[in-house]
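Basically my numbering = 1-based index in the sequence shown + 194.
Note that CB positions come from ideal geometry on N, CA and C, so glycine has one too.
Data block below; observations after.
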Amino acid sequence: MKILITGANGQLGRELTKQYNEKGNVELILTDVDTLDITNVNDVYKMVNETRPDVIINCAAHTAVDKCEDDVDNAYKINAVGPKNLAAAMNAIGGEIVQVSTDYVFDGTSEKPYLEFDKPCPASVYGQTKYDGEEFVKTLNPKHYIVRTAWLYGDGNNFVKTMIRLGENNPEVKVVNDQFGSPTSTVDLAKVIISLVENKNYGIFHGTCKGQCSWYDFAKEIFALKGMDVNLVPCTSEEFKSRAKRPKYSVLRNYMLELTTGDITRDWKESLKEYLENLK
Ligand SMILES: NC(=O)c1ccc[n+]([C@@H]2O[C@H](COP(=O)([O-])OP(=O)(O)OC[C@H]3O[C@@H](n4cnc5c(N)ncnc54)[C@H](OP(=O)(O)O)[C@@H]3O)[C@@H](O)[C@H]2O)c1
């Protein structure tokens, strides 16, 4: 099988590359913005026609949630037009596409975990553009896997590393305690994606680690596991103003995985423990 990964230098791209290389029997074509800019429709068709992959896994995205609010054109280009180009080019050769999406397609007003059957209602430019990307992929290529994840950390910049840096350099760290979600390791997410592709299990899926917490709880667990003595102070979203509106509650239930091939993700604390052990 031939698999083309876009955004291969990002957190998820790196983990997928690692897991596919460990598995073997897969020819990988690794691209990032310098070798394939997904916003350029001609380049995307050229690359797909020349390499003819069986599957494209789109890990490329404009992931800076606050920056998207002021960088709207680029957010639409990378998060919506890019997936459109990839989905259409793959459809033309009968190939499949994996589109990675986000919990931020929901506005976070629910009181129970979101299912794949709930209607998205994004509250930020990032969430809206990612949702538009999903819609393009759904419309332009029937052989699609759309996988929504959340609070992702892996090999790259992320909340876990930011907390460790802040904790090491500040007497006090303030973290928001009124937004809830599910921290997710790229290790778990990559396993979900690989399994979906192996099973040709098309459709929309939620792929997050199990359990839920606030950003404050997440930080508390990071410091506890690292044995760091940090004065961690909870605060509200009101106090910690950010440019983009973030959902208060964006816990996703991996319901479609439960209903089909089974949910292989771990509890968020177990995955975090493994991640921190490997960081040492
Ligand atoms: N990170 C999270 O907390 C989170 C949460 C929910 C969902 N997700 C989704 O999960 C997926 C993977 O996220 P991630 O954290 O692995 O992202 P990431 O680390 O930010 O990686 C994204 C990669 O895409 C590249 N890229 C940007 N514009 C591109 C373009 N026009 N063409 C090709 N490549 C381009 C980036 O390059 P540069 O670095 O040079 O820009 C980067 O290498 C994304 O779809 C994201 O929306 C992430």
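Contact between LEU346 and ILE416 does not hold, since their C-beta atoms are separated by about 15 angstroms, which reaches or exceeds 8 angstroms. At a cut-off of 7 angstroms, the beta-carbon of LEU224 does not count as near ligand 1: no heavy atom of the ligand is closer than that. Nearest to SER304 by C-alpha distance, out of THR455, ARG460 and PRO441, is PRO441. Not one heavy atom of ligand 1 sits closer than 7 angstroms to the Cβ of VAL220.
A contact is defined here as three or more CB-CB pairs under 8 angstroms, and the stretch 347-365 fails this definition with respect to the stretch 390-406. At least one heavy atom of ligand 1 sits closer than 7 angstroms to the Cβ of ASN203. Annotated as proximal: LEU446 and PRO307, with beta-carbon spacing under 8 angstroms.
For ASP297, the shortest C-beta to heavy atom distance toward ligand 1 is below 7 angstroms. Remark: C-beta atoms of VAL341 and VAL294 approach each other more closely than 8 angstroms. Rounded to the nearest angstrom, the gap between the Cα atoms of GLN205 and ASN351 is 8 angstroms. Per DSSP, reduced to three states, the secondary structure at THR211 is helical.
Taking the Cα positions, ALA344 is about 12 angstroms away from ASP382. The secondary-structure analysis by DSSP pairs HIS256 with nothing; it has no beta-bridge partner. Each of TYR270, ASN425 and TYR449 was checked against the Cα of SER318, and the nearest Cα belongs to TYR270. For ASN243 and ILE287, the gap between their C-alpha atoms comes out near 8 angstroms. For LEU206, the shortest separation between its Cβ and any heavy atom of ligand 1 lies below 7 angstroms. Counting only runs of 4+ residues, the alpha helix (DSSP H) found wholly inside the stretch 212-286 occupies 235-245, 259-262, 266-270 and 276-286, in chain order. The DSSP assignment places 366-370 and 397-400 as complete runs of the beta strand (DSSP E) inside the stretch 363-426, in order along the chain (cut-off: 3 residues). Taking a contact to require three or more Cβ pairs closer than 8 angstroms, the stretch 388-399 and the stretch 223-237 do not qualify as touching. With contacts defined as CB atoms closer than 8 angstroms, LEU334 and ALA282 qualify as a contacting pair.
Under a 10 Å Cβ-count criterion, LYS278 is classified as buried, with 16 or more other Cβ atoms of the shown protein chains found around its own Cβ. Not a single heavy atom of ligand 1 lies less than 7 angstroms from the C-beta of VAL238. Distance between ASP264 and ASN234, taken at the CA atoms: about 21 angstroms.
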